[in-house]
Amino acid sequence: MRLLLIRHGQTELNVLKRLQGSSDIPLNDNGRNQARTTHQYMVENNIVPTKLICSPLDRAIETGELISGMDRSKAEIMPELIEMGFGIYEQKEMEKEDPGFVDRCFNHPETYEAPEGGETYDQVLARAAKVIETMRARINSGYYKDQDIVALVSHGATSHGIIEYVTGNTREHYWDIDINNCAIIEIFLSEDGKRDSYKIISEGFEKNW
């Protein structure tokens, strides 16, 4: 089987460069077109998902529908795939609210302190670990068929947490790679977790928050 990690398509808050976090912001029309284009890419490369596992937020669920061609009723909702929570700073204009926050969050993750109601990086990593270990247990038990292609549809910060967990990289490298809207990353899980790795299959679309 194959395991694919996919970020949702574009939203209006992506365009405005505002933190969405756990706020349930829908895709915009461009995001829907990105997901449809991604579906065509998957058809052409024989990687259309047979199993769909989504964050509970609508932008991830709709992306999953469009990339897979499945109805959302067939998607498994995995709460741990939800985006990193930014508490009181979600949807705000950060240049007005707290001009230094974006630099602290994205350029210095190793010393980041979460705002009121927000998550720490360690909390996101704990969720990422649960996602990966759930998938590893399923794979090891034969839960999936050899021909299955399983898509995890998530978000930017959470996807980076999954990459940190898979690679074991230190926190300062959290944002070293770009995970753009509708990027596709294949995750390779070893039986014992000692040889986990990943490969970027598609870089997705223009870089967005």
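So for the sequence shown, the numbering used here puts the first residue at 189; every next one is plus one. For each residue, glycine too, the CB sits at the ideal point set by N, CA and C. No experiment lies behind these values; they were computed from the predicted model shown.
Going by DSSP in three states, residue i sits in which element: helix, strand or coil?
i           : result
residue 262 : helix
residue 190 : strand
residue 203 : helix
residue 242 : strand
residue 213 : coil
residue 395 : coil
residue 318 : helix
residue 280 : coil
residue 309 : helix
residue 386 : strand
residue 270 : coil
residue 235 : coil
residue 229 : helix
residue 286 : coil
residue 219 : helix
residue 330 : coil
residue 257 : coil
Give the single residue among the options whose Cα lies nearest to the Cα of residue i.
i           : options            : result
residue 209 : 199, 360, 375      : 199
residue 255 : 218, 297, 228, 189 : 228
residue 364 : 232, 352, 339, 206 : 352
residue 336 : 220, 235, 382      : 235
residue 189 : 290, 392, 338, 204 : 338
residue 362 : 383, 300, 277      : 300
residue 248 : 225, 219, 232, 231 : 219
residue 295 : 360, 202, 370      : 360
residue 394 : 277, 207, 366      : 366
residue 392 : 206, 222, 204, 331 : 222
residue 383 : 390, 356, 373, 372 : 356
residue 305 : 192, 191, 354, 275 : 275
residue 358 : 310, 340, 387      : 310
residue 333 : 233, 237, 284      : 237
residue 350 : 369, 329, 373, 368 : 373
residue 369 : 396, 307, 385, 259 : 396
residue 204 : 280, 318, 233      : 280
residue 263 : 273, 297, 341      : 341
For residue i, list the residues DSSP reports as bridge partners.
i           : result
residue 381 : Answer by DSSP bridge pairing: none, since residue 381 is not bridged.
residue 304 : In the DSSP output, where bridge partners are listed per residue, residue 304 has none listed.
residue 195 : 342
residue 337 : 190
residue 375 : 191, 386
Can you tell me whether residue i sits near the ligand FMN, meaning its C-beta is under 7 angstroms from at least one heavy atom of the ligand?
i           : result
residue 348 : In terms of ligand content, the structure shown is empty, and the ligand FMN therefore cannot be addressed.
Please confirm if the region 257 to 272 is in contact with the region 341 to 358, defined as three or more CB-CB distances below 8 angstroms between the two stretches.
yes
Could you tell me whether the region 189 to 196 touches the region 244 to 261, where touching means 3 or more Cβ pairs closer than 8 angstroms?
yes
Taking contact to mean at least 3 C-beta pairs separated by less than 8 angstroms, is the region 232 to 242 in contact with the region 210 to 220?
no
Using 8 angstroms as the threshold, is the region 371 to 378 in touch with the region 318 to 327, meaning 3 or more CB pairs across them?
yes
Runs of alpha helix (DSSP H) lying entirely within the region 345 to 373, each at least 4 residues, in chain order:
none
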